[in-house]
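Here the structure comes first, spelled out in structure tokens, and everything after it is commentary.
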Amino acid sequence: MAALALSLLVCVVSIAALLWVKGQVERFLFRWRSVPLLHAVNVVIIAAIVAGMYYRLSGIDVYLRDLADINGFWYVFAGAMQLVFPLYLFSCWLINRRREREKKYTRSKDKKVLYINERYLARRHRSDYRRSKTS
């Protein structure tokens, strides 16, 4: 039971880390466009990490060269996918919701700025905001 609990903790940490990495990859390579393939890759990587961690913490030695021969590992991998997928979807939903809240402005379909977010303006004009030295 402890192996399952620790695997769940590793799952949550892996989801947070890989979603951050996914965001950075999209930012640098794809100019903030969402790439669905990166989501699929993240889920598979996280499931492999969780399944491997479960085997390691359970005291069952698994080596990379033996994975094709171990049928039980693929069952654990499928179970890890079922554990990871809902948590991953929930995490993506939370991040998208946060990103929408923190948007600076809203654009129309023809890419024109409709209005600037009031929360952004309020956050920008706080009393501790450092103004430029030229003004």
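Here the working numbering is used: the first residue of the sequence shown is 124, the next is one more, and so on. Beta carbons are placed, not taken as given, at the ideal position from N, Cα and C, and that holds for glycine.
| Inter-residue Cα distance where the pair is A126 and I172 | The count along the sequence shown starts at 1 and reaches residue 126 at position 3. The count along the sequence shown starts at 1 and reaches residue 172 at position 49. The alpha-carbon atoms of A126 and I172 are separated by roughly 13 Å.
| message | Nearest by alpha-carbon distance to R179: which of V199, L160 and R150 is it? | response | As a first step, residue 179 must be located in the sequence shown, where it is residue number 56. When only C-alpha atoms are compared, the closest one is V199.
| DSSP beta-bridge partners for I239? | Here residue 239 refers to the residue found at position 116 of the sequence shown. Paired residue(s): Y228.
| message | Check this for me: beta carbons of I218 and Y228, under 7 Å apart or not? | response | For this step, residue 218 is matched to residue 95 along the sequence shown. For this step, residue 228 is matched to residue 105 along the sequence shown. It is not a contact, given that the beta carbons lie outside the stated cut-off.
| Straight-line gap, G195 to K234 (C-alpha atoms, nearest Å) | One-based indexing of the sequence shown puts residue 195 at position 72. One-based indexing of the sequence shown puts residue 234 at position 111. Looking at the two C-alpha atoms, the distance is approximately 52 Å.
| Are the beta-carbon atoms belonging to S137 and I169 less than 7 Å from one another? | On the sequence shown, residue 137 is found 14 positions in, with the first residue counted as 1. On the sequence shown, residue 169 is found 46 positions in, with the first residue counted as 1. Cβ distance < 7 Å, so S137 and I169 count as in contact.
| field | Limits of the unbroken alpha helix (DSSP H) element including S157 | value | Position 34 of the sequence shown holds residue 157. Careful: S157 lies outside any alpha helix (DSSP H) and carries neither H nor E.
| Buried or exposed: M124, going by 16 or more other Cβ atoms within 10 Å of its Cβ? | The residue labelled residue 124 in the question sits at position 1 within the sequence shown. M124 counts as exposed, since fewer than 16 other beta carbons sit within 10 angstroms of its beta carbon.
| request: Note down the Cα distance separating M204 from A140, rounded to an integer number of angstroms. | output: Reading the sequence shown from its first residue, position 81 is the one you call residue 204. Reading the sequence shown from its first residue, position 17 is the one you call residue 140. Computed Cα separation, rounded: 17 Å.
| task | List the endpoints of the continuous alpha helix (DSSP H) containing G146. | result | As a working mapping, residue 146 is identified with position 23 in the sequence shown. It spans A125 to L152 - the alpha helix (DSSP H) in which G146 sits, taken as one unbroken run.
| request: Throw me the rounded Cβ distance for the V148 and V207 pair, which I believe falls under 8 Å. | output: Locating residue 148 in the sequence shown gives position 25, counting from the first residue. Locating residue 207 in the sequence shown gives position 84, counting from the first residue. Their Cβ separation, rounded to whole angstroms, is 19 Å, which puts V148 and V207 out of contact at 8 Å.
| Contact set for R156: own chain, Cβ-Cβ below 7 Å, skip 5 residues either direction | Taking the sequence shown and counting its residues from 1, the one referred to as residue 156 is at position 33. Excluding residues up to 5 positions away in sequence, E149 lie with their Cβ nearer than 7 Å to the Cβ of R156 in the same chain.
| request: Within its chain, find whatever has a CB closer than 8 Å to the CB of K256; leave out the 5 residues flanking it on each side and keep chain order. | output: In the sequence shown, counting from the first residue as 1, residue 256 sits at position 133. For K256, the pLDDT reaches just 49, beneath the cut-off of 50, and the residue's location in the model is therefore unreliable, leaving the point undetermined.
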